[in-house]
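Asker:
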Amino acid sequence: MVGSCVRACHPSECAEALALLDEEFIFSRGRTLSFGVRFAAALGQPDARMLLMRTDGRIDAALLVRPFGWITPERDWRAAMVGLVWTRPECRGRGQGSELLREAESLMRASGIEFAVLWTTRPGFYARCGWIAADCGALGHWTGGDAPAPSPAAAGELWPAIHTLRESLGGERVARDLNAYAALLPPATEHDANFEHGAYALIGRAGATGYVYEIGGRAEGLPAIWSALRRRYRELYLNLRGSSAAQAWLSTQPGIDWQEQKLAMWLRLSAQADAAQFGRWYLPFLDRI
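Counting the sequence shown from 1 gives a position; our numbering is that position plus 48.
#1: For the region 196 to 252, list the alpha helix (DSSP H) runs that are entirely contained and at least 4 residues long, ordered along the chain.
#2: Please state whether DSSP places Gln299 in a helix, a strand or coil.
#3: Check Thr126 in the structure and name its three-state DSSP category.
#4: Would Ala272 and Ala241 be called neighbours here (beta carbons separated by less than 8 Å)?
#5: What three-state label does DSSP hand Ile273 in the structure shown?
#6: Which partner residues of Asp305 appear in the DSSP bridge assignment?
#7: Do you know offhand how far Pro94's Cα is from Ser291's?
#8: Buried or exposed for Glu162, going by 16 or more other Cβ atoms inside 10 Å?
#9: In the DSSP assignment, find the alpha helix (DSSP H) that holds Gly172 and state where it starts and stops.
#10: Suppose you measure from the CA of Ala158 to the CA of Ala230; what does that come to, to the nearest Å?
#11: Within the same chain, show all residues whose beta-carbon is closer than 8 Å to that of Gly178, passing over the 5 residues directly before and after it, in chain order.
#12: Determine the direct distance from the alpha carbon of Val54 to that of Leu81, and round the result to whole angstroms.
#13: Could you give the distance in angstroms between the alpha-carbon of Arg253 and the alpha-carbon of Met156?
#14: Looking at the secondary structure, which residues open and close the beta strand (DSSP E) in which Gly117 lies?
#15: What does Cys62 pair with, by DSSP beta-bridge criteria?
#16: Grab me the residues of Ala294's own chain with a C-beta within less than 7 Å of its C-beta, minus the 5 sequence neighbours each way, in chain order.
#17: Just verifying my parser: in three-state terms, what is the DSSP assignment at Ala323?
#18: Considering only residues of the same chain and omitting the five flanking positions on each side of Trp190, which have a CB-CB separation below 6 Å?
#19: Specify whether the region 206 to 213 and the region 314 to 329 touch according to this definition: at least 3 beta carbon pairs, one from each stretch, less than 8 Å apart.
#20: Might you give, ordered along the chain, the residues of its own chain that have their beta carbon closer than 8 Å to the beta carbon of Arg77, omitting 5 neighbours on each side?
#21: Does the Cβ-Cβ distance between Pro115 and Arg126 come in under 8 Å?
#22: So, are the CB atoms of Ala256 and Arg282 less than 8 Å apart?
#23: Hey, how far is the Cα of Phe87 from the Cα of Glu268?
#24: Report yes if the C-beta distance between Cys57 and Met98 is below 8 Å; otherwise report no.
#25: Beta-carbon within less than 7 Å of Ser146's beta-carbon, same chain only, minus the 5 sequence neighbours each way: which residues are those?
#26: With DSSP run on the structure shown, which of helix, strand or coil describes Ser131?
#27: Span of the beta strand (DSSP E) holding Glu268?
So, in structure tokens, the structure goes:
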């Protein structure tokens, strides 16, 4: 590939790179809101790194590496998410994507990252690059609600209370600050949230459809959370850790169809990560990119 190179995205190139990613993953699929709006905090994170492959001055491939902290009862981990992996359609099959992933791996190792994670519907490609598939997520689908009712409060007003509760409960989790709650995953166009009796739900709304990013908190609040969601949406997608307290309780409720998720892939980057049981770890949708 004459004149090709992989390097970090310069600030002056960000608009061009985001426009290409938006066209591929957002606008061409009939969705709205740029990645720059959906993931403003992640894209603006000081240690996040967009990598580009340029060939003769043109961007041919890109991906984002976003470091994060993963907290377990045993220890805190230095980790990274890889997302927004893109190759120009006419360049696919030429090895640009693999080269970009190798450069991202080198960058993460040099930065002291212990493991990386991504989500994909193309596991074969990433497996050939050394990633392993392991996912304990469960996706629930429910339909049959009444006309959606307006949220009782602006979602942002509930985020501080939800964040405080989440931190007090401990357990395995992504290190998160309040800015993280502003993430809005496709195809949602609005934020929604619910907080009832020590339990909470974080939701992305797209019209009468709700995409539940996370349900957590105390078991006694789950019935009120589920009742509120059924009143406010005609259709719900529930993204949860399989066999979590919330998923176990919701599995007893009628009308929800469940299926295993098979999207998460992991890359070991340290000796400590060699012993990690990735199949038991679940990163909520809110934290993903």
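C-beta: ideal position from N, C-alpha, C; glycine also.
Answerer: Short version:
#1: 203 to 217
#2: Here residue 299 is Ser; the residue named in the question, Gln, does not match the sequence. Coil.
#3: It is worth fixing the name first, because residue 126 is Arg in this sequence and not Thr. Note: Arg126 maps to strand in three-state DSSP.
#4: no
#5: helix
#6: His189
#7: 35 Å
#8: buried
#9: 171 to 176
#10: 30 Å
#11: Glu153, Leu315
#12: 28 Å
#13: 34 Å
#14: 106 to 119
#15: For Cys62, which the question treats as bridged, DSSP gives no partner whatsoever.
#16: Ile263, Gly264, Leu270, Leu288
#17: coil
#18: Leu284, Gly303, Ile304
#19: no
#20: Pro234, Pro235
#21: yes
#22: yes
#23: 32 Å
#24: yes
#25: Cys177
#26: The question names Ser, yet the displayed sequence has Gly at residue 131. Of the three classes helix, strand and coil, the one that applies to Gly131 here is strand, per DSSP.
#27: No beta strand (DSSP E) holds Glu268; DSSP gives it neither H nor E.
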